[in-house]
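Under the working numbering, residues 1 to 274 are what the sequence shown spells out, in order. Note that beta-carbon positions come from the ideal geometry of N, C-alpha and C, so glycine has one too. Single-structure report; data block below.
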Amino acid sequence: MERDVDVLGKYRNVTNKLKKRFLKRPNIAEGIEQYGALAKSLRQQECPQYAGFCCLAQARCEHTLVNAAGEAQALTEAARAFLEAEMNNRDIKCPSFEEHLTAAINCYSHAIRVYIENNNPSLAAALCIELGNALQKLERPGEAMAHFQRAAELQSQSPLECLQSLGLVATCKIEMRDYDGALGVFTEMAYLAQERGGSSTTGKPIGAYCDILARCEVCRVLLLMLLQPTPQRIRPEHAQTLEKYAWETTDDTITAQFLSEDLFLMLQSLVVSK
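Rendered as structure tokens:
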């Protein structure tokens, strides 16, 4: 930060202009513009945490004007600024109480709530995924998983996006060594892809749904090989999954629609070898 720039003084000047005075209404729009300019200046000076506070002030002004879109955008910018400050601390291994990360999570959560209240679940889900990715990068898969799960719930009307979010949930469970939980998520994904991804004429999965089903099939087989459940504890649907590879079959099953012959044979050899 430049030494000759009084950032706090500038912030106070803008704040004082917005205070209510007798027979004089504050110019909220001007305040938004000035807070935005100050935030931009602070970013250029590599002070993202202070830029985040300016964006928060900007969001409060947008809320006063009942501009939900502007409020959510300002909150998102604040969240990203605080997250950048946290990443900078991590890069230089600076000890902290993770206050920047806490501020970022709060800002993201507030922005998500604003989008949900204004019937915009797709943008809310996008922020959930953005926050989840950031937490995953910070080696917090447990917290990231909760946000990915929320994104999937918000994307219930968009099956492809929902499946992608559930895939991120499964990845987090694997990182946490919750292999049984990951197996359950991949099974849920397979059912959803078969139910929502069928062609209107044939009913068979098409396009990207085939790729998702292939991923689910491979991951389920590998997880079952890792878990080695006993016959008494294995779920019926998982037993059926293994049976497809344990015996030679010429049936035109749904598996053949999305697995290549080479991949099928590799999975079969893996299951038989166990």
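Notebook entry, point to check: Taking the continuous alpha helix (DSSP H) assigned at Gln73, which residues delimit it?
Noted result: Unbroken alpha helix (DSSP H) run through Gln73: Ala68 to Asp91.
Checklist line | Coil, strand or helix - Pro121 by DSSP | finding: Helix.
Notebook entry, point to check: Roughly how many whole angstroms lie between the Cα atoms of Glu195 and Arg215?
Noted result: Distance between the alpha carbons of Glu195 and Arg215 is about 16 Å.
Margin query: Going by DSSP, what residue range makes up the alpha helix (DSSP H) through Ser165?
Written below: Residues Pro159 to Glu175.
Next item on the list: Go ahead and label Gly207 buried or exposed: buried means 16 or more other beta carbons lie within 10 angstroms of its beta carbon, across all protein chains shown.
Entry: With fewer than 16 other Cβ atoms within 10 Å, it is exposed.
Next item on the list: State yes or no: is the C-beta of Met225 within less than 8 Å of the C-beta of Leu263?
Entry: Taking a C-beta distance under 8 Å as the contact criterion, Met225 and Leu263 do not qualify as a contact pair.
Check: Mapping DSSP to helix, strand and coil, what is Pro95?
Finding: Three-state result, Pro95: coil.
Next item on the list: Report the three-state DSSP secondary structure of Thr250 (helix, strand or coil).
Entry: With a pLDDT of 49 at Thr250, under the threshold of 50, the modelled position of this residue cannot be trusted, and the question is left open.
Item checked: Which listed residue (His110, Glu99 and Leu101) has its alpha carbon closest to that of Glu71 -> Cα-wise, what sits closest to Glu71 is His110.
Note to self: What does the alpha-carbon distance come out to for the pair Cys107 and Val169?
What the structure shows: Rounded to whole angstroms, Cys107 to Val169 spans 22 Å at the Cα level.
Next item on the list: Determine the direct distance from the alpha carbon of Glu86 to that of Glu98, and round the result to whole angstroms.
Entry: Whole-angstrom Cα-Cα distance: 7 Å.
Next item on the list: Ignore the nearest five residues each way along the sequence and tell me which others in Val14's own chain have a CB closer than 8 Å to its CB.
Entry: Around Val14, the same chain offers Gly31, Gln34, Tyr35, Leu38 and Ala57 as residues with beta carbons nearer than 8 Å, after the five sequence neighbours per side are excluded.
Note to self: With distance defined between alpha-carbon atoms, name the residue in Cys94, Ala152 and Met176 nearest to Leu192.
What the structure shows: For the residues Cys94, Ala152 and Met176, the minimum Cα distance to Leu192 belongs to Ala152.
Check: What distance in whole Å lies between the Cβ atoms of Ala190 and Leu281, which are believed to be in contact at a cut-off of 8 Å?
Finding: No statement about residue 281 is possible, as the shown extent of the chain runs from 1 to 274 and does not include it.
Next item on the list: Output yes or no for whether 8 Å exceeds the beta carbon distance between Pro166 and Glu188.
Entry: Inspection of the sequence shows that residue 166 is occupied by Leu rather than by Pro. Yes. Within cutoff.
Check: Thinking C-beta only, is Leu75 closer than 8 Å to Ala59?
Finding: Judged by their CB atoms, Ala59 and Leu75 are nearer to each other than the 8 Å cut-off.
Checklist line | Per DSSP, the bridge partner or partners of Arg21 | finding: Under the DSSP definition of a beta bridge, Arg21 partners with Lys24.
Check: In angstroms, rounded to a whole number, what distance separates the CA positions of Phe148 and Tyr179?
Finding: In this structure, the straight-line span from the alpha carbon of Phe148 to that of Tyr179 is close to 17 Å.
Next item on the list: Counting only the same chain and skipping the five closest in sequence on each side, list residues whose C-beta sits under 8 Å from that of His238.
Entry: If we look at His238 and ignore the five residues flanking it on each side, its Cβ neighbours are Leu183, Thr187, Arg220, Leu224 and Pro229.
Notebook entry, point to check: Given Tyr11, which residues of its chain have a CB within under 6 Å of its CB, disregarding the five upstream and five downstream residues?
Noted result: The beta carbon of Tyr11 sits closer than 6 Å to no other beta carbon from its chain once the five residues preceding and following it are set aside.
Margin query: Alpha carbons only, please: which of Leu127, Pro159, Gln157 and Leu160 is nearest the one belonging to Ala146?
Written below: Selected option, being the one with the closest Cα: Leu127.
Item checked: Range covered by the alpha helix (DSSP H) that runs through Gly181 -> From DSSP, the alpha helix (DSSP H) with Gly181 extends over Tyr179 to Arg196.
Next item on the list: State the CB to CB distance for the pair Ala144 and Leu135, rounded to an integer number of angstroms; the pair is presumed to be in contact (CB under 8 Å).
Entry: About 4 Å; that satisfies the 8 Å criterion.
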